[in-house]
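Chains as they are written, first to last, in the numbering used here: chain A, 1323 to 1679; chain B, 12 to 641.
Using N, Cα and C, we set each Cβ at its ideal position, and we do this for glycine too.
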Amino acid sequence: MPTLPPSRKPVRPPGRGPRRAGPPKARTSRKEYASDQDVRWCPGCGDYAILASVQRLMPQLGVKRENVVFVSGIGCSSRFPYYMNTYGMHSIHGRAPTMATGLKASRPDLDVWVVTGDGDALSIGGNHLIHLLRRNVNLQLLLFNNQIYGLTKGQFSPTSEIGKVTKSSPFGSITPPFNPISLSLGASASFVARTADRDTKHLTKVLKRAHTHPGSAFVEVYQNCNIYNDGAFFDFTERATKADRTVYLEHGKPMLFANGKRGVRLDGFKTSVFDIEGRDFSVNDAIVYDETSLELAGIVSRMSQRPDMPRPFGVFFCEERPTYEHLLWEQIAAITERQGQGDLDALLYAADTWTIQ
Amino acid sequence: MESLPVSTVAATKSVESLNEVTVLFAGDSGDGMQLTGSQFTLATAFAQNDLATLPDFPAEIRAPAGTTYGVSGFQLHFGSVNVRTPGDEVDLLVAMNPAALKVNLERVRRGGAIIVNVNAFKPHSLKLAGYKDGNPLEEGELKDYRVFEVELSRMTEEALKGFGLDKKAVDRSKNMFALGLTLWLYSRPLKPAIAWLSKKFAKRPELVKANIHLLKKGYHFGETTEDFVVQYEVAPARLSPGTYRAIRGVEALALGLVAASSKSGLDLFYGSYPITPASDLLHHLSRYKNFGVKTFQAEDEIAAIGAAIGASFGGNLGVCATSGPGLTLKAESTGLAVMMELPVVIIGVQRGGPSTGLPTKTEQSDLLQAMYGRNGEAPLPVLSASTPGDCFYAAYEACMVAIRHMTPVILLADGYVANGAEPWRIPSSSELGGFDVNFAGKTNRKVDGKDVFLPYVRDPSTLARPWAKPGTPGLEHRLGGLEKQHETGDVSYDPENHEFMTNLRASKVERVGQFIERTEIYGHEEGDLLIVGWGSTDGVIKTAVDRLHNRGLKIGTIQLRYINPLPSDLGAILGRFNGYLVPEMNKGQLVRILRDRFLLPFTALNKIQGQPFKASEIIEAAINHCEEIN
Ligand SMILES: Cc1ncc(C[n+]2csc(CCOP(=O)(O)OP(=O)(O)O)c2C)c(N)n1
Ligand code: SF4
Ligand SMILES: [Mg+2]
C-alpha cells in the first residue's frame, strides 16, 4: 500500500465561488437533508433556490432519509447530490437515467430522484432520457434548464434560442432549440410539468405532485444561470412581467392569466389569446385544462415556442400506467410461481446428461 | 446410459473403429447447418466422445442463396481420445451445394470423404459458386477425395410426399436427411435428435412427424445403400468420472453468473444491448426469471452498463456483456465504476475488429482495450475464459473478484469459445468456492466525537472499500466520478491526494494477485520453450504441446486466467525456460504486456483471419523457434 500523504483539510478546487458562499441561513426543517459539504455554485445561481426547496420538501414526503437516492450526471446542476444528506451518485455526463433505471428496477423500495441539466439530459443524454420516460421507471427527474452549458463556461445548449450569442456561437447560434415539454410528451412520459427556480411555492407544489406520481415524473425547472445566461426567464419570473407572460395550468380550470383578465382559447388546433372583457369571447371560451389529454398537452406545450403566447407552467400531462419495475417484478413473480423458485443444481443438470463411473 | 447407437449394421457393411474424426457440415445460411451441427454434437455427447466444435457462419442472416459468402458451416471434432480443438483437417465434408464445396474443399484432408447433395449441382448454382468451367463432380477436381453423390433433395421430396408440406418446407428439411445419414455413418444415436424435434415442433405435430421420418430415412439410406461399404465407430472417451452434459460457452457464462448470484445471495441484474456474439447470453439469462435474474435490454451499451452500475450501487450483482464496439462504448462508465469502486462484471465476447469488423468471426483483439481503454489511470482486473466449459468458472470467478475487491472486472471470452461446445462435467453447487458478501451495516469512524460512515475507509488486506446499500440508516453517502479524498470520499482536488489515490487504486488491483491460484504448467515444467497463451487458444496450444512431446522437445505451456494482475509466480516459471512463444489471434497484445513486465525475448505468433489457430500452425512455430535457439 502506498504511503499516506500527510492528512490535510480538503483543498478547494480552483474556480469560482467564495468559501462561505451559500444560501441564506438554513431553517431547521432543511437541516436534516443538508449534507456537510460546502455548496459551490456561483452566488446568485438559481440552483440554490431549488436545493433549498427540495431540502425543505423532503421531510414532508414521508420517506425515510436512508431510502432516498439522488442521481445526477455532469454539469453545475448535477452537483446537486453532494449537497443532499441522502444516498447519492454524481455519475457521468448524460447517463444518470441509466444508473437510476438499474437502481430503481432492482430496488423498487427506494425513492429515486434524478437531477440533470439541459445539456446533460437533452444533448449527450438525450437517448437515455427518452427511453427512461418510455419505460416509465418510477422516479422524479428534475431538468434544470438554464438554456446554456454552465459548467463548461457558457456554450449554447440544445435549449438555447436561435441566434444566441455565446462563446461557441459568437455570431449567433443557428440551430433551433428543443422544447423539453413537447419532447417528453413525445417520448411517452406519464407525467410532465414545468416550474421555475424563482417561484419556490409553485416549485414545491409541482415537486410534491411529481413525487406522488407513480411513474417517471418529468419536471422542467427554469433555472437562472446568472453568470452565462442571466435573465433568460425573467419575463416569466419577475413581478413586472410575470402575470402577463405566464399562464398556470390547473386541471379542470379555465386557462386564464394576466390576473384573470385574459384567457387562452382554441382556434382549431391553435391556441390564441383573448381579452375576457372583450367583445368576442368570454370566460367560457377559455380552454378548460385537462391534464389527462395528451392531445391538449401537445398543443399547449407548443405555446412555449410562440412569443405571442404566455408561457405555460404547471402539470401539462399526467397519466397512470404501470411502472417498469412493477412489470419487471410482476413477471418474475408470476414465472417463479409457475416454475417454482430456481434451484441451481437442477439448472446445471437441465440438459441431456450422461454419467461416467 | 440408455439406448446408445441404435444401429443394426447390415451384413454387407464392415465396421471400422476410429480414434478421432472431424466432420464439417456446410451449406447455405438457410440450409440449417448450425442446427444440423448442434444435433450431431448432441448425439456425439450421448455417445460419450470428447468433442470440440466450431460454428462458422456469415454475418448476413440469409445471404443470397447459393453464393460463397452465404455459406454457413459447423465443424465438429470428436473422439475416444482427448479432443481440444475443432480439428485442423476435415475427414468428412457434407456439402449441401456447390458453394459449400468451393469454400470448404481446402479444409478437407487428402483422401477424406465428401458427401454432396448432387441435386444442387445444377448449372445455375455452379455458376453462382464460381465454378466457371463446369461441374467439379465431373472434372476430376475431386480425384484425391472419396466423393459420395447423394440425391439429398430428390430423396427428401420423395420421402415427404403425402405429408402435406409445401415445397419450401420440404426443401428446408433436407438437412434432417443429411443428419440421419451422418449419424448412421458414425454410429450415433438418433434419440437425442428425435427428442429435440418433438419438443421444438410440439405445436406442429405434422412437422414432428415429417422431420423424424426424414431423419430415419437418412439413417436407413446409409444402412441400405451400396455406396457406403463402411460404417465407423468411435469408442467413448475416457473422461474423468462424473455426470456430463454438452455445453456451449455462452451457456456456461450464463450459468456461471446464475451460480455466482445464487451462492452469493445477491440478485443478478444483467444489462445488455444486442450484439453478436454476446446476445446469446441475454437470451439465456432472460429465461432464468425464477432465479430472480433481472435482464434489462437497454437502449445502448452505455445504458446497459449504467444500469448495471446502478444496480450494484443498490447492492445487487451488476453484470453486462457485449462484443466489439460495445466494449468501447462502455469505456467511460467503466472508468466511473473504477472511481466509485463498485463491483460490476463486464464480459467482452471478442470478435473481429476494428469497427464492425467481422461480427461473426473470432479474434482476441480487445485485450489492450480491456487493459487500457479508459481515460485516466484506471486499472481493473482482466480475466479470460479458455474453453466453453471454463466459461462457467471464469464468470463465477469474475463475480467473486468484483465483489471481494469492490471493482469493475472485465472478463474476456471470444466468438470461438462462446459459440463452441464441449462435454462438461457438471459441478454440484456445493463444490463451488464460497462467496462472502459483507454489506456495511454501521458507522466506521469517530470524527469529532461523532460516529460517522466514511465510504472510502479500506480493508487493510484487500484495500477494498465498504459496500453500503441505500436503505441502511446512518450510512448515507455520495459517490461520483470526481476524485475522492482518501477515506472520507469527499470531492478532493488536492494534488498529493490524487497521486495517492491513483496509486491506491492500482495497489488494490495488484492485491487481487494474493488470491490467484498457483499457475499450472501443462507439459514440461522447464526446458526449451514455454508457450504462453490466454483465452480460447488453450485447447489448440495443449494439443500442439501433446504432439510436440512425441518429438522429444521440452515444451511446456501455461494459459493465463488473469492478465491483470499477472499471477505472482509467473516470473519464476518464465525463468525455467529458454524461449517463449505467445500465440494470439491479434497483432500481439499479450506479448506487449509481457514484454512490458518482463525483459525477456518473447516471440509473438499471430493469426488474424477470424479463425482459430490450427495445432499444426503452433507446432510449426514452436519447432522453428526451438531450432533458432538451439
Ligand atoms: C463525456 C463528456 N463530455 C463533455 C463533458 C464536459 N461537460 C461537462 S458539463 C457539460 C455541459 C453541462 O451543461 P448542462 O447539462 O446544461 O448543465 P449546467 O452546467 O448548465 O447545469 C459538458 C459539455 C463531460 N464532462 N463529459
Ligand atoms: S455557471 Fe451558472 S449554472 Fe453554473 S453555478 Fe454558476 S450560475 Fe449556476
Ligand atoms: Mg444548462
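Would you say Trp1435 of chain A lies against chain B (beta-carbon separation less than 8 angstroms)? Closer than 8 angstroms: no.
Beta-carbon neighbours of Ser1428 of chain A, restricted to chain B and to distances below 7 angstroms: Ordered by position in chain B, the residues that pass the 7 angstroms Cβ test against Ser1428 of chain A are Asp278, Phe280, Lys305, Ala322, Gly325, Asn327.
From Glu169 of chain B to His231 of chain B, what does the alpha carbon distance come to, in whole angstroms? If you take the alpha carbons of Glu169 of chain B and His231 of chain B, they lie about 14 angstroms apart.
Beta carbon proximity, Arg1378 of chain A to chain B, threshold 8 angstroms: For Arg1378 of chain A, the answer is no, since every Cβ of chain B falls outside 8 angstroms of its Cβ.
Would you please state the rounded distance, in angstroms, between the beta carbons of Pro390 of chain B and Ala517 of chain B? I believe it to be under 8 angstroms. Rounded to the nearest angstrom, the Cβ distance from Pro390 of chain B to Ala517 of chain B is 5 angstroms, consistent with a contact under 8 angstroms.
Supposed contact pair Ile619 of chain B and Glu262 of chain B - C-beta distance, whole angstroms, cut 8 angstroms: Not quite, the Cβ-Cβ distance comes to about 27 angstroms (not below 8 angstroms), so this is no contact.
Could you give the distance in angstroms between the alpha-carbon of Met351 of chain B and the alpha-carbon of Ala475 of chain B? Just so you know, the alpha carbons of Met351 of chain B and Ala475 of chain B end up roughly 11 angstroms apart.
Within the 8 angstroms Cβ cut-off, does His488 of chain B reach chain A? At a cut-off of 8 angstroms, the C-beta of His488 of chain B has a neighbouring C-beta in chain A.
According to the neighbour-count rule (16 or more other Cβ atoms, all chains shown, within 10 Å of its Cβ), is Leu605 of chain B buried or exposed? Under this definition Leu605 of chain B is a buried residue.
So, using beta-carbon positions, are Gly492 of chain B and Ile1414 of chain A closer together than 8 angstroms? Yes; because the gap between Cβ atoms is below 8 angstroms, this pair is in contact.
Would the beta-carbon of His1412 of chain A be found less than 7 angstroms away from any heavy atom of ligand 1? Taking non-hydrogen atoms of ligand 1 into account, the C-beta of His1412 of chain A is found less than 7 angstroms away from none of them.
Should Lys179 of chain B go down as buried or exposed, given a rule of 16 or more other Cβ atoms within 10 Å for buried? When all chains shown are included, Lys179 of chain B counts as exposed.
Does any CB atom of chain B fall closer than 8 angstroms to the CB of Pro1403 of chain A? Answer yes: the Cβ-Cβ gap between Pro1403 of chain A and chain B drops below 8 angstroms somewhere.
Please work out which residues of its chain come closer than 6 angstroms, Cβ to Cβ, to Val94 of chain B, disregarding the five sequence neighbours upstream and downstream, and give them in chain order. Excluding positions up to five away in sequence, the list reads Asp61, Leu62, Ala63, His88.
Is it a yes or a no for the region 542 to 553 of chain B touching the region 594 to 609 of chain B, going by three-plus beta-carbon pairs under 8 angstroms? With a cut-off of 8 angstroms, the region 594 to 609 of chain B and the region 542 to 553 of chain B count as touching, because enough Cβ pairs lie within range.
How about the region 336 to 349 of chain B and the region 392 to 406 of chain B: do they share at least three Cβ pairs that are nearer than 8 angstroms? No: fewer than three Cβ pairs fall under 8 angstroms.
Chain-ordered chain A contacts of Arg256 of chain B [CB-CB under 7 angstroms]: What Arg256 of chain B touches in chain A: Ala1673, Asp1674, Thr1675.
What separation, rounded to the nearest whole angstrom, lies between the Cα atoms of Ile72 of chain B and Pro1480 of chain A? About 39 angstroms.
Using a threshold of 8 angstroms, state whether the C-beta atoms of Thr530 of chain B and Lys553 of chain B are closer than that. No.
Counting along the chain, where does the beta strand (DSSP E) carrying Arg385 of chain B start and finish? Element bounds for Arg385 of chain B: n/a, residue is neither H nor E.
So if DSSP puts Glu631 of chain B in a beta bridge, which residue, or which two residues, is it bridged to? In DSSP, Glu631 of chain B forms no bridge with anything.
Could you tell me the distance, in whole angstroms, from the CA atom of Pro1576 of chain A to the CA atom of Leu279 of chain B? Going by the C-alpha atoms only, they are around 50 angstroms apart.
If you run the structure through DSSP and keep just helix, strand and coil, what is Arg1417 of chain A? Arg1417 of chain A falls in the coil class under three-state DSSP.
For the alpha helix (DSSP H) that Phe195 of chain B lies in, which residues bound it at each end? Looking at the sequence provided, one finds Trp at residue 195 of chain B rather than Phe. Judged by DSSP secondary structure, Trp195 of chain B falls within the alpha helix (DSSP H) whose first and last residues are 185 to 196.
In the region 1454 to 1474 of chain A, which residues sit with their C-beta less than 7 angstroms from some C-beta in chain B, listed in chain order? The region 1454 to 1474 of chain A vs chain B, Cβ under 7 angstroms: nothing.
According to a CB-to-CB cut-off of less than 7 angstroms, which residues of the region 1396 to 1425 of chain A neighbour chain B? From the region 1396 to 1425 of chain A, only Pro1403, Tyr1404, Asn1407, Thr1408, Tyr1409, Gly1410, Met1411, His1412, Ser1413, Ile1414, Arg1417, Thr1420, Met1421, Ala1422, Thr1423, Gly1424, Leu1425 have a Cβ closer than 7 angstroms to chain B.
Can you tell me whether Asp1519 of chain A sits near ligand 3, meaning its C-beta is under 7 angstroms from at least one heavy atom of the ligand? Asp1519 of chain A Cβ: outside cutoff for every heavy atom of ligand 3.
Report the residue ranges of all beta strand (DSSP E) runs contained in full by the region 1536 to 1605 of chain A; include only those spanning at least 3 residues, in chain order. Fully enclosed beta strand (DSSP E) runs of 3 or longer: 1538 to 1544, 1568 to 1571, 1584 to 1589, 1592 to 1597.
Mind listing the chain B neighbours of Asn1581 of chain A? Cutoff is C-beta to C-beta under 9 angstroms, in chain order. Those do not exist, as Asn1581 of chain A stays about 44 angstroms from chain B at its closest Cβ, beyond 9 angstroms.
Here's a check: name, in chain order, each residue in its chain whose Cβ is nearer than 7 angstroms to the Cβ of Asn30 of chain B, leaving out the five neighbours to either side. Counting only Cβ-Cβ distances below 7 angstroms, and skipping sequence neighbours, we find Gly90, Ser91, Val92.
Less than 8 angstroms between the beta carbons of Arg362 of chain B and Ser395 of chain B, yes or no? No; because the gap between Cβ atoms is not below 8 angstroms, this pair is not in contact.
Are any of the Cβ atoms in chain B nearer than 8 angstroms to that of Pro1335 of chain A? Reliability of the predicted coordinates at Pro1335 of chain A is poor, the pLDDT of 42 falling under 50, and no value is obtained from them.
Identify the residues that DSSP records as bridge partners of Asn1467 of chain A: which are they? In the DSSP output, where bridge partners are listed per residue, Asn1467 of chain A has A:Tyr1544.
Using 8 angstroms as the limit for Cβ to Cβ distance, is Asp238 of chain B near chain A? So, not an interface residue.
Where Gln1462 of chain A falls, given that 16 or more other Cβ within 10 Å makes a residue buried: Buried is the call here.
Rounded to a whole number of angstroms, what is the C-alpha to C-alpha distance between Arg1341 of chain A and Thr499 of chain B? Any reading at Arg1341 of chain A is ruled out, since the residue's pLDDT is 44, under 50, leaving its predicted position unreliable.
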